[in-house]
Amino acid sequence: MSEPLIEVKNLKKYFPIRGGILQRTIGYVKAVDGVTFTINKGETLSLVGESGCGKSTVGRTIIRLYDKTDGEVFYKSIPIHNLKKNELRKLRPKMQLVFQDPFSSLNPRLRVGDAIGEALLDHGLISRNELRDKVIETMEICGLAPYHVDRYPHEFSGGQRQRIGIARALILDPEFIVLDEPVSSLDVSIQAQIINLLMDLQQQKGLTYLFISHDLSVVEHISTRVAVMYLGNIVEMASRDELFDHPLHPYTQALLSAVPIPDPDLKRERIILEGDIPSPANPPKGCKFHTRCPLAKDICREQVPEYKDVGGGHFVACHLV
Amino acid sequence: MAKNLVEFRNLKTFFYTEEGVVKAVNDVSFSIREGETVCVVGESGCGKSVTALSLMRLIQSPPGKIVGGEIIFDGRDILKLSDAEMRRIRGNEIGMIFQEPMTSLNPVLTIGEQIMEPLMVHKLMTKKEAWNKAIELIKQVGIPRAEQIMTSYPHELSGGMRQRIMIAIALSCDPKLLIADEPTTALDVTIQAQILDLLRKIKQERNMALMLITHDLGIVAEIADYVVVMYAGKVIEEAPVRELFKNSKHPYTRGLLKAKPIIGQRQERLYTIPGQVPNPIGLGDYCYFSDRCEYAMDICHQKIPQLISDENGHKVACWLYEGEWKK
Ligand SMILES: Nc1ncnc2c1ncn2[C@@H]1O[C@H](COP(=O)(O)OP(=O)(O)OP(=O)(O)O)[C@@H](O)[C@H]1O
Ligand SMILES: Nc1ncnc2c1ncn2[C@@H]1O[C@H](COP(=O)(O)OP(=O)(O)OP(=O)(O)O)[C@@H](O)[C@H]1O
Ligand code: SF4
Ligand code: SF4
Ligand SMILES: [Mg+2]
Ligand SMILES: [Mg+2]
Chain A
1 MSEPLIEVKN LKKYFPIRGG ILQRTIGYVK AVDGVTFTIN KGETLSLVGE
51 SGCGKSTVGR TIIRLYDKTD GEVFYKSIPI HNLKKNELRK LRPKMQLVFQ
101 DPFSSLNPRL RVGDAIGEAL LDHGLISRNE LRDKVIETME ICGLAPYHVD
151 RYPHEFSGGQ RQRIGIARAL ILDPEFIVLD EPVSSLDVSI QAQIINLLMD
201 LQQQKGLTYL FISHDLSVVE HISTRVAVMY LGNIVEMASR DELFDHPLHP
251 YTQALLSAVP IPDPDLKRER IILEGDIPSP ANPPKGCKFH TRCPLAKDIC
301 REQVPEYKDV GGGHFVACHL V
Chain B
1 MAKNLVEFRN LKTFFYTEEG VVKAVNDVSF SIREGETVCV VGESGCGKSV
51 TALSLMRLIQ SPPGKIVGGE IIFDGRDILK LSDAEMRRIR GNEIGMIFQE
101 PMTSLNPVLT IGEQIMEPLM VHKLMTKKEA WNKAIELIKQ VGIPRAEQIM
151 TSYPHELSGG MRQRIMIAIA LSCDPKLLIA DEPTTALDVT IQAQILDLLR
201 KIKQERNMAL MLITHDLGIV AEIADYVVVM YAGKVIEEAP VRELFKNSKH
251 PYTRGLLKAK PIIGQRQERL YTIPGQVPNP IGLGDYCYFS DRCEYAMDIC
301 HQKIPQLISD ENGHKVACWL YEGEWKK
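Heads up: the protein sequence lines correspond to chains A and B, in order. Quick note, in the working numbering, the first sequence goes up one by one and the last residue is 321. Quick note, in the working numbering, the second sequence goes up one by one and the last residue is 327.
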């Protein structure tokens with residue numbers, strides 16, 4: 001077992017909901033409501049779950065793009081949320097984020113080559129003379145042609161912009177990257193290239209990833225371990241093989257049954273989730289999944305199921321397991 | 001057989017940039033029948049969105065321009081309509097879900113205002129009627145606390161919620177054609193399954209045609225009647241969905257099908273098509289896939305292959321099938 005690079009303990013992130021003329025806080029969106037996990041050096045932990053369940057917020061809070069509400073995050077045993085601004089700044093290049101929405105993260109007036117090289121220069125990690133070569137080299141690694149270097153973001157297609165985002169992170173030579181839906185807007189052949197690239201870089205440089213994705217077939221391919229989130233909590237976490245071969249939580253089972261398979265002749269039994277999708281501002285009591293769970297019992301409406309290890313590092317939170 | 005609702009005829013949409021002309025859509029022809037679901041797939045940057053935006057007449061000019069061809073929608077040549085006529089079609093007869101929901105929602109208007117506006121403009125609803133219809137639409141796309149969402153601003157919603165709001169807006173006026181540009185990329189699979197079910201249901205109820213742009217071949221297999229594959233601004237293969245998956249012809253299409261990871265089939269490494277898409281500026285007379293194709297022959301480097309059809313209407317643009325199939 002290798003050493004942990006990131007340790008997250010009971011992390012919470014609440015966003016205030018404001019209302020009234022005075023814009024007073026009238027409640028909280030409990031985007032992340034107590035999650036605990038570690039990411040070992042060199043592994044890929046994937047985070048999957050419904051839109052709005054808090055995946056991006058976890059990713060951003062563990063590298064302190066958001067301040068936490070409660071809990072702890074350690075990077076190599078350093079408590080990130082206790083660092084001073086300048087100490088954090090020194091760590092920044094080591095922890096990178098590739099954004100979900102490539103367009104809004106790029107400055108429309110900045111040439112792509114400058115956008116990719118910007119942070120490297122900012123952190124004083126390279127001289128101006130060397131910059132252009134380094135940028136072009138990184139672009140080529142990410143499947144962007146050198147002639148793209150002087151173009152502006154709007155001149156690129158969605159998929160090309162996503163590769164710009166990856167190049168911006170990679171150029172800083174990070175140790176840990178939060179990949180927030182990095183391949184979801186890429187077509188299949190580039191997706192395969194980027195995934196192979198990410199996996200090669202991981203092997204060569206011992207990179208550690210938190211991989212956020214909706215695409216379970218990609219997650220199955222890239223992950224060492226997988227955590228399934230629902231409404232601010234992790235409901236199941238296990239090694240890749242264990243999670244895909246023996247999913248225990250009813251939500252994980254529904255998720256896996258809904259993955260579309262590229263074969264028009266194959267019609268599978270779907271577990272369709274009925275019922276209202278609850279809001280993170282006012283989550284259901286007991287098991288948060290009970291409003292949609294096909295197996296819900298009385299106890300589920302009252303008691304929060306314990307998140308426990310059922311053997312071999314397979315964690316699950318469900319009364320029936 | 002249902003009649004054609006949309007016909008792209010030799011459409012050419014170019015962008016005039018500092019570096020040169022980008023032939024984003026270069027002589028594209030295909031049709032969408034009434035009530036039919038046509039999926040458009042292909043490499044990033046191959047011209048899928050520009051094809052859809054040309055139909056909506058939303059190509060930014062300059063730098064873009066539709067330089068040739070026709071787009072027939074329901075008997076009318078879209079490219080010849082006045083701006084006023086086009087506005088009536090947009091959002092009323094054709095609904096569109098854009099690829100980047102954050103950039104297509106107005107950040108300073110509430111979600112409610114944005115859903116209600118087209119209902120009041122196109123369907124002449126009163127404010128009250130539009131409010132109720134908007135709540136119904138938000139619930140239909142599976143978002144909880146609809147009343148609260150009505151008064152929220154786009155930045156207060158997650159990516160997937162914004163995408164579903166776009167779907168609600170596009171469906172609000174009962175369009176004859178819905179163009180959906182990557183409508184489910186930000187959604188997890190259970191919601192995606194719900195949205196696809198919703199689209200299927202609405203299609204059946206209203207006989208709505210669907211032009212779906214996606215890179216997810218799983219979704220294509222599930223929802224398409226017909227598939228159009230594009231590469232570097234051209235259609236390189238098209239066929240009914242089953243035929244395309246079981247009997248693909250073009251080396252690029254075959255590569256795509258091989259590169260897709262499939263759940264339950266673990267492999268060490270994903271198959272990739274070597275190389276990259278060519279620079280769209282200054283493409284010459286050759287098969288644009290030739291520098292990546294393992295079957296490339298001399299002729300592939302000398303002449304552009306034309307789209308040819310077999311007796312069942314399966315079309316491919318590749319020299320491997322020349323002679324075997326007729327023009
Ligand atoms: N800056 C913010 N202010 C207020 N609420 C927020 C903010 N960012 C996120 N939220 C809320 O927190 C919850 C979790 O959002 P988050 O973006 O982490 O979800 P996600 O799992 O990444 O979803 P998606 O798959 O759609 O990207 C959502 O209910 C969202 O509306
Ligand atoms: N405003 C513009 N100026 C210059 N070039 C443009 C512009 N908009 C699009 N292009 C170019 O047109 C081509 C087609 O772009 P389009 O957005 O249609 O791709 P796409 O097939 O939708 O790709 P993706 O799957 O990545 O969304 C690309 O080469 C792109 O760089
Ligand atoms: S605890 Fe109950 S409601 Fe929650 S997942 Fe298990 S069975 Fe379903
Ligand atoms: S025309 Fe030639 S290069 Fe192009 S796809 Fe066919 S065999 Fe390959
Ligand atoms: Mg997110
Ligand atoms: Mg596009």
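Glycine is no exception: its CB is placed at the ideal position from the N, C-alpha and C atoms. Quick caveat, the model's predicted, so the values are computed rather than measured.
Item	Value
Are any of the Cβ atoms in chain D nearer than 9 Å to that of Asn92/B?	Any reference to chain D falls outside this structure, whose protein chains are A and B.
So what's Lys327/B in DSSP terms, helix, strand or just coil?	Bear in mind that the predicted position of Lys327/B carries a pLDDT of just 48, short of 50, making it too unreliable to give a figure here.
Taking the alpha carbon of Val149/A as the reference point, which residue from Gln160/A, Ala169/A, Asp180/A, Asp114/A has its own alpha carbon closest?	Asp114/A
Would Met95/A count as contacting chain B if we go by Cβ distances under 9 Å?	no
For the region 140-170 of chain A, which residues have a beta carbon sitting closer than 7 Å to at least one beta carbon of chain B?	Gly143, Ala145, Tyr147, Glu155, Ser157, Gly158, Gly159, Gln160
For Gln96/A, list the residues DSSP reports as bridge partners.	Ile177/A
How would you write the range of the beta strand (DSSP E) that Phe74/A sits in, first residue to last?	70-75
Would Ala2/B be called buried (16 or more neighbouring beta carbons within 10 Å of its own) or exposed?	exposed
Report the three-state DSSP secondary structure of Met297/B (helix, strand or coil).	coil
Which chain B residues sit within Cβ distance under 7 Å of Val218/A?	Pro261
Where does Val40/B land, buried or exposed, given buried means 16+ other C-beta within 10 angstroms?	buried
When you measure from the CB of Phe289/A to every non-hydrogen atom of ligand 7, does any distance come out below 8 Å?	For ligand 7, the structure offers nothing, since it holds only ligand 1, ligand 2, ligand 3, ligand 4, ligand 5 and ligand 6.
Taking only heavy atoms of ligand 4 into account, decide whether any of them is closer than 8 Å to the Cβ of Trp341/B.	As shown, chain B starts at 1 and ends at 327. That puts residue 341/B outside it, with no answer to give.
Does the structure place the region 126-137 of chain A close enough to the region 150-166 of chain A that three or more beta carbon pairs sit under 8 Å?	no
Just to confirm my understanding: we take Ile299/B, look at its own chain, exclude 5 residues before and 5 after, and list those with CB closer than 6 Å. What are they?	Trp319
Measure the beta-carbon distance from Ile166/A to Cys142/A and round it to whole angstroms, keeping in mind my assumption that it falls under 8 Å.	5 Å
I want to see whether chain B comes within less than 9 Å of Gly117/A, judged by CB atoms only; does it?	no
Between Leu248/A, Leu255/A, Ala145/A, Tyr209/A, which has its C-alpha nearest Ile272/A's C-alpha?	Leu255/A
What's the C-alpha gap between Ile308/B and Pro251/B?	15 Å
Taking just the CA atoms, how far does Ile165/B sit from Trp131/B?	14 Å
Does ligand 2 have even one heavy atom less than 8 Å from the beta-carbon of Gly42/B?	yes
Just to confirm the assignment, what range does the alpha helix (DSSP H) spanning Phe244/A have?	240-245
For a test of your reading of the model: does the CB of Lys48/B fall under 8 Å from any non-hydrogen atom of ligand 6? Yes or no.	yes
With 9 Å as the threshold, decide whether the Cβ of Pro154/B is near any Cβ in chain A.	no
Where DSSP assigns a beta bridge to Glu7/B, which residues make up the other side?	Ser31/B, Ile72/B
Enumerate in chain order the residues of its own chain whose CB-to-CB distance from Gly117/A is below 6 Å, with the five nearest sequence positions on each side excluded.	Leu131, Val135
How about His215/B: is its Cβ closer than 8 Å to a heavy atom in ligand 4?	no
Ordered along the chain, which non-local residues of its own chain (more than five positions away) have a Cβ less than 8 Å from that of Glu147/B?	Ile135
Hey, Phe211/A and Thr44/A are a contact pair by Cβ (cut 8 Å); roughly how many whole angstroms apart?	5 Å
Mind pulling the chain A residues with CB within less than 7 Å of Thr190/B?	Glu50, Ala254, Leu255, Ala258, Leu273
Any beta-carbon of chain B closer than 9 Å to the one on Phe289/A?	no
Compare the C-alpha of Glu205/B against each of Pro154/B, Glu34/B, Ala232/B and name the closest.	Glu34/B
Please specify which runs of the alpha helix (DSSP H), each continuous and at least 4 residues long, are wholly inside the region 211-254 of chain B, giving them in chain order.	217-223, 241-246
Anything with a beta carbon under 7 Å from a heavy atom of ligand 4 counts; list them all in chain order.	His250/B, Pro251/B, Tyr252/B, Cys287/B, Phe289/B, Ser290/B, Cys293/B, Tyr295/B, Ala296/B, Met297/B, Cys300/B, Pro305/B, Cys318/B, Trp319/B, Leu320/B
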